[in-house]
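A short worksheet on the structure shown next.
Numbering (our numbering), first residue to last: 29 to 462.
Right under this line is the structure:
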C-alpha cells in the first residue's frame, strides 16, 4: 500500500481541525461567562478526602494536590502457566496536580513513580467556556475504550478486561467535548498522533494522525423513570494511518488479566523479518453501562483492524474483543461508574464499616486467523483467549480500598504442542488515594 504524501496528510489533518474547532467558533457568539471580580481577601486552604487545595477567595484560581498509590500482589497457581513471577509490586504511584486559572482554564499533570512505567501520563490544559463546549490540548486518554476511560481508582477489578488491549491508552492531541441537554448526551471528537492498540504515544513517528470520536447518551436521565437514569449507551471509533519501522513497529503485544503476553507479532534481525504497521488502522466500540442502587453492569465490544507488512507480504488483520462485568454492593454505598462513595465510612465518628462490593465478569479476544503462521508464530502466540473472574472490594472510606480478584484464562494455540496452558491468578490490592 502506498504511503500518502505529506501534502495529502497535512490537508486531511487541516480539514479535520476545522471540523473539530467549528463548535468552539460557534460558541464564541454566545455571551461570555460572568467573571468574578478579584478579591483582596486571603487564600482558602482546605484538606478533604478529595485532596489538598488552595484557592483564591473568589475561586478564580485553584490548585489541588491529589494522588494515589496501589500496591498489588500477583499469585499464579503454578510455575508453568505464566512467564512472569508471583510477586508483590508497586502497580501505580501517581501524584496528581490539578487546577483552575481565571475560572476558564483547567489543567492536569499526573506522573507515575512506579517501576518500569512511563514517568508522565496526563499533561493537558482544558478551556471550558461552557459545559456544551470544552477544548482539551495535551496528553490524555483518547475517547475510545469505556473501561479504559474509567479511572484506575474506580475500576472494580484489579486489572482491566481484554477489550482494553485493543484501544489506545494515552496519546497527544486536541479534543473538543461537552455535554448537551443537561447531560443527556455527551460527545467527544479529537485529533491525535496515533498509537498502537493498548499503547501510549508521546510523538508522531509517521506523519499521520488519528481521528477519534465518541457519542454517549443517558436517554432516561431527564425523565421520571429514575430506575433507568443510570443507563448509558454509546459508540466510539477511531481511524488513521500508521506506519511502523524496525525499531518502532506500531504494534503492541496482547496481555492477559495477569499482565502476561499471550500474543506478539513476529520480530527479526531486519525490517524484512519484523511485522510492522503499514496502512489504515480503524477501531469501533459499541459500549454501555447500567447503574441502579447496588447493581452495576458494564459491557463493551471492540474491533480493531490494522494493515501490516512483513517484507513484501501485506495483510489487513482484525482483532475483536468483548467483556461483560456485573457488580453488587452488599452494603454501605451505591454502584457508580465514577466509583463507590461509602455512606458510613470506616474511621468516622459514627464507627461505620465502609462499603463492600462483589462482582464477576466474562471476557474474550479473537485474533484474525490470517495472522498465522506468516505474521505470528502459532507455537508462541495464541489465536483466542477467554477468561472469567470474580472480585471482592472493601472500600473502607473514600480514600482506602482493599481488593482481591481471581482470574482464569484459557487459550487456543500459543504452544508447541497445541494450546497454551490456562492461566489462573489471584491478585490483591491495597489502594490509598487523596
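Virtual Cβ for every residue (Gly too), placed ideally from N, Cα, C. In this text the structure is predicted, and so the values were computed from the model without any measurement.
For residue 192, the three-state secondary structure derived from DSSP is helix. When only Cα atoms are considered, residue 301 and residue 400 end up about 15 angstroms apart. In the three-state reduction of the DSSP assignment, residue 326 falls in the strand class.
A direct Cα-Cα distance of roughly 11 angstroms separates residue 393 from residue 437. The three-state reading of DSSP puts residue 178 in coil, since its state is none of H, G, I, E or B. The alpha-carbon separation between residue 130 and residue 391 amounts to approximately 45 angstroms. If you draw a straight line from the Cα of residue 316 to the Cα of residue 419, it is about 20 angstroms long. One thing to note: residue 398 has its Cβ within 8 angstroms of the Cβ of residue 343. Nearest to residue 239 by C-alpha distance, out of 232, 265, 352, 341, is 265.
Residue 447 sits in a strand when the DSSP states are folded into three classes. The beta carbon of residue 116 sits closer than 6 angstroms to the beta carbons of 101 from its chain, once the five residues preceding and following it are set aside; these are given in chain order. Shown here for residue 356: same chain residues with a beta carbon closer than 8 angstroms to its own, the five before and five after excluded, namely 322, 323, 324, 363, 385, 386, 387 in chain order.
The three-state reading of DSSP puts residue 218 in strand, counting E and B together. Exclusion of the five residues before and after residue 373 leaves 380, 382, 425 as the residues of its chain whose Cβ lies within less than 6 angstroms of its Cβ. The residue from 174, 247, 125 with its alpha-carbon nearest to that of residue 152 is 125. At least 8 angstroms separates the beta-carbon of residue 340 from that of residue 303. Straight through space, the alpha carbons of residue 252 and residue 198 are spaced by roughly 38 angstroms.
Three or more pairs of CB atoms, one per stretch, sit closer than 8 angstroms, so the stretch 170-187 contacts the stretch 211-230. About 3 angstroms separates the beta carbons of residue 244 and residue 262, which is inside the 8 angstroms limit, making them a contact pair. Beyond the five residues adjoining it in sequence on each side, residue 174 comes within less than 6 angstroms, by CB distance, of 315, 328 in the same chain, given in chain order. Of all alpha-carbon atoms in 296, 451, 396, 334, the one lying nearest the alpha-carbon of residue 311 is that of 334. Contact between the stretch 183-195 and the stretch 155-168 is absent: fewer than 3 CB-CB pairs across the two stretches fall below 8 angstroms. Secondary structure in the stretch 307-366: the beta strand (DSSP E) runs of 3 residues or longer, each lying completely within the stretch, are 323-338, 341-359 in chain order. Of the candidates 255, 336, 290, 268, 336 places its Cα closest to the Cα of residue 274.
Residue burial is scored here from C-beta neighbours: residue 104 has at least 16 other C-beta atoms within 10 angstroms and is therefore classed as buried. Straight through space, the alpha carbons of residue 271 and residue 211 are spaced by roughly 38 angstroms. Between residue 206 and residue 215, the C-beta gap is smaller than 8 angstroms, which places the two residues in contact. Between the alpha carbons of residue 87 and residue 148 lies a distance of about 28 angstroms. Note on geometry: alpha-carbon atoms of residue 90 and residue 70 lie some 13 angstroms from one another.
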